[in-house]
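Chemist:
Number of protein chains: 2
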Amino acid sequence: MTKTDTHMTMRVVNHIRSLIESGGLQPGDRIPPEREFAHKLRISRASLRTGIGYLAAMGVMDVRHGVGTFVADGPPEIGKSSLSLLGALHGFQSWQMFEARRILESELAALAAERGREQHFAALSEEVAEMYATVGNPMEYLIHDIRFHRVIAQASGNPILAALMETITSALYDERRKTAERSRDLKESADLHREIYRAIRSRNAGEARTVMTRHLTMAQSAQDLEAMATQPKNDGHPRKARKRPVEI
Amino acid sequence: MTKTDTHMTMRVVNHIRSLIESGGLQPGDRIPPEREFAHKLRISRASLRTGIGYLAAMGVMDVRHGVGTFVADGPPEIGKSSLSLLGALHGFQSWQMFEARRILESELAALAAERGREQHFAALSEEVAEMYATVGNPMEYLIHDIRFHRVIAQASGNPILAALMETITSALYDERRKTAERSRDLKESADLHREIYRAIRSRNAGEARTVMTRHLTMAQSAQDLEAMATQPKNDGHPRKARKRPVEI
DNA sequence: GGTCCCAGAGAGGTCCGACCACTAGAATAC
DNA sequence: GTATTCTAGTGGTCGGACCTCTCTGGGACC
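Going line by line, the protein sequences match chains C and Y. All letters in the first sequence, in the order written, are residues 707 to 954 by this note's numbering. All letters in the second sequence, in the order written, are residues 707 to 954 by this note's numbering.
1. Count the C-beta pairs between the segment 859-874 of chain C and the segment 811-829 of chain C that are closer than 8 Å, then say yes if the count reaches three, no if not.
2. Please name the residue or residues paired with Ile737 of chain C in a DSSP beta bridge.
3. So which residues on chain Y does Tyr760 of chain C lean against when the C-beta distance must stay under 7 Å?
4. Using a C-beta cutoff of 8 Å, does Thr919 of chain Y count as contacting chain C?
5. Just the C-alpha distance for Arg904 of chain Y and Thr916 of chain Y, rounded to the nearest angstrom, thanks.
6. Is the segment 780-797 of chain Y touching the segment 779-799 of chain C, taking contact as three or more C-beta pairs under 8 Å?
7. Does any CB atom of chain C fall closer than 8 Å to the CB of Gln802 of chain Y?
8. Can you give the Cα-Cα distance for Asp941 of chain Y and Glu872 of chain C, rounded to whole angstroms?
9. From the DSSP output, in three-state form, read off Ile726 of chain C for me.
10. Should Arg741 of chain Y be labelled buried (16 or more other beta-carbon atoms within 10 Å of its own) or exposed?
11. Touch check for the segment 765-780 of chain Y and the segment 720-730 of chain C: three-plus C-beta pairs under 8 Å?
12. I think Leu898 of chain Y touches His921 of chain Y, with their Cβ atoms under 8 Å apart; what is that distance to the nearest whole Å?
13. Quick check on this structure: which residue in C:Met845, C:Ser812 and C:Trp801 has the alpha carbon closest to the alpha carbon of Ala914 of chain C?
14. When you compare the CB of Arg723 of chain Y with every CB in chain C, is at least one pair closer than 8 Å?
15. Considering only residues of the segment 738-805 of chain Y, which uninterrupted beta strand (DSSP E) runs meet the minimum length of 3 residues and lie entirely inside it, listed in chain order?
16. Closer than 7 Å, Cβ to any Cβ of chain Y: which residues of the segment 855-871 of chain C, in chain order?
17. Assign His943 of chain Y to buried or exposed, taking buried as 16 or more other Cβ atoms, counted over all protein chains shown, within 10 Å of its Cβ.
18. Report all residues from its chain with a CB closer than 6 Å to the CB of Asp768 of chain C; omit the five preceding and five following residues, and keep chain order.
19. Verify whether the separation of the beta carbon atoms of Leu878 of chain C and Val857 of chain C is less than 8 Å.
20. If we call anything under 8 Å between Cβ atoms a contact, is Met714 of chain C one with Ser753 of chain C?
21. Please decide whether Ala818 of chain C counts as near chain Y, where near means a Cβ-Cβ distance under 8 Å.
22. Is it true that the CB of Leu870 of chain C sits closer than 8 Å to the CB of Leu814 of chain Y?
23. Answer with buried or exposed for Met707 of chain Y, where buried requires no fewer than 16 other C-beta atoms within 10 angstroms of its C-beta.
24. Pull up the CB-CB distance for Ala896 of chain C and Val834 of chain C, whole angstroms please, since I reckon it's below 8 Å.
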């Protein structure tokens with residue numbers, strides 16, 4: 707156990723954690739106003755806010771100015787906002803993100819083939835159709851592309867893997883936003899998505915995995931070409947921890 | 707872009723983010739004292755602390771009472787502390803965590819077989835030997851077990867996947883701490899680890915993946931047996947968002 | 001000369017109480 | 001009935017006081 711006593715922030719976190727674990731607090735629920743809650747916990751409002759801030763940063767709480775503080779609703783997010791920062795910090799390479807995505811999504815596709823339900827197949831079919839319909843509009847196309855992959859993640863029946871995928875892809879899109887796709891590639895992309903859809907619908911897990919891998923490998927090399935001459939990579943960390951505070 | 711102006715906390719986060727991305731701040735570096743830094747940014751110390759707290763929650767900063775605030779050093783962690791909380795919140799099932807782990811580690815093993823270096827092989831060999839030496843001591847054994855998997859993650863050459871694995875396994879160990887393993891299973895476990903090691907050393911990616919999958923599948927069913935009659939699962943969320951604050 | 005102990009400096013942690021800013025819903029005006 | 005304005009409630013920011021922890025350097029002691 708981590709020290710559950712001292713450290714106000716941990717006191718708050720553990721209090722709320724136990725409320726969640728006991729089921730007393732469920733997604734969408736609202737916690738009492740800060741002043742009231744702080745008084746009830748016998749701590750200052752500032753400390754309460756520290757704890758809530760911690761939970762909010764982890765995606766567990768949702769703080770809305772002027773409205774209240776709620777337990778996060780919607781799909782789980784695992785360190786979604788932190789990945790790009792951690793990436794900058796530890797020098798994650800673009801290919802590493804692609805590799806992670808390729809592995810996750812391939813397995814997700816295989817699982818979707820095994821466990822997907824009719825509703826998922828229908829949604830996938832719908833998105834494929836939309837993709838074909840928007841090959842001339844990269845902006846629109848991208849939306850359906852994202853949705854397609856998201857449906858697969860849902861169909862996999864494993865929310866943890868889905869959340870991990872979401873984390874990676876959103877970080878990837880941050881980098882990708884600049885590289886607008888050329889629409890002549892989109893037809894090809896749509897074809898691949900259709901293949902993936904068919905493999906999943908026919909419950910052919912191996913095929914789904916294979917095609918998904920192929921799709922993402924192609925997507926990566928396509929983007930690599932566009933990027934080419936980009937930022938200088940800093941591989942090894944020439945980190946020399948400075949004890950004196952950095953000049954800001 | 708998210709609103710980078712208003713919201714003091716985001717101002718702080720973005721300021722530090724840009725410092726990190728520009729290389730002005732590196733792992734291990736120390737940021738100025740709160741009072742000084744706050745004054746320099748023209749914000750109150752409280753707001754600065756909110757922002758720092760946010761970054762600390764994401765694992766980007768490391769705040770040490772009485773010492774100072776540092777940019778996180780050591781291996782990256784992605785939402786490590788949040789997963790168990792998110793799990794309680796979204797009703798993650800134990801088998802889902804195992805599945806995620808199985809997938810990640812299997813691929814990690816395959817990658818390690820392809821990219822591992824001599825130093826990794828040596829470390830793996832060392833840990834296997836230690837495992838055999840401690841089959842009579844589950845506590846000690848576990849340490850080397852964990853190290854073994856961690857070395858594989860490093861050898862994979864993909865820190866992102868390694869960090870994801872670390873997140874899952876640490877959440878898993880939280881649950882597992884109660885179920886002490888019976889030492890008669892450990893010999894069998896050590897044998898499997900040795901097989902994994904051999905597959906990796908001989909650069910047989912497929913074999914490494916297969917054996918790792920087998921190992922983790924066995925580990926899961928072993929633990930399932932021990933657990934058996936546990937906590938009641940709440941599958942579907944009968945979530946009914948309450949607008950009125952919950953009674954605490 | 002080396003070792004141990006302790007006070008002080010410097011850093012983060014907590015608290016208070018006031019005031020600002022936003023949101024949603026009620027009251028009002030048209 | 002609809003549009004506008006007001007207001008209560010809630011989170012956000014502030015600054016400034018005081019507490020607690022860590023590290024370190026100087027002195028007492030051996």
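Each residue gets a CB set at the ideal place from its N, CA and C atoms; glycine is no exception.
Modeler: By the coordinates alone:
1. Judged by Cβ distances under 8 Å, the segment 859-874 of chain C makes contact with the segment 811-829 of chain C, as three or more pairs qualify.
2. For Ile737 of chain C, which the question treats as bridged, DSSP gives the partners C:Thr775.
3. Gly759 and Ala763, listed in chain order.
4. False, the Cβ-Cβ gap to chain C never drops below 8 Å.
5. Arg904 of chain Y and Thr916 of chain Y: Cα-Cα distance of roughly 12 Å.
6. Yes: at least three Cβ pairs fall under 8 Å.
7. Yes, contact with chain C.
8. With a pLDDT of 45 at Asp941 of chain Y, under the threshold of 50, the modelled position of this residue cannot be trusted, and the question is left open.
9. In this structure, DSSP gives Ile726 of chain C a helical state, which the three-state scheme calls helix.
10. By the neighbour-count rule (16 or more Cβ atoms within 10 Å), Arg741 of chain Y is not buried but exposed.
11. No, they do not touch.
12. Correct: roughly 4 Å between the Cβ atoms.
13. Shortest Cα-Cα distance from Ala914 of chain C to any of C:Met845, C:Ser812 and C:Trp801 involves C:Ser812.
14. Yes, contact with chain C.
15. Fully enclosed beta strand (DSSP E) runs of 3 or longer: 767-770 and 774-777.
16. Across the segment 855-871 of chain C, CB contacts with chain Y closer than 7 Å involve Asn864, Pro865, Ile866, Leu867 and Leu870, in sequence order along the chain.
17. With a pLDDT of only 45 at His943 of chain Y, under the threshold of 50, the placement of this residue in the model should not be trusted; the figure read from the coordinates follows. With a threshold of 16 other beta carbon atoms within 10 Å, His943 of chain Y falls short and is exposed.
18. Phe776 and Ala778.
19. Between Leu878 of chain C and Val857 of chain C, the gap from beta carbon to beta carbon reaches 8 Å or more.
20. A contact, by the Cβ cut-off of 8 Å.
21. Not an interface residue.
22. Going by C-beta atoms, Leu814 of chain Y is not nearer than 8 Å to Leu870 of chain C.
23. Since pLDDT at Met707 of chain Y reaches only 45, below the 50 mark, its modelled position is unreliable, and no value is offered.
24. With 8 Å as the limit, Ala896 of chain C and Val834 of chain C qualify as a contact, their Cβ atoms being about 7 Å apart.
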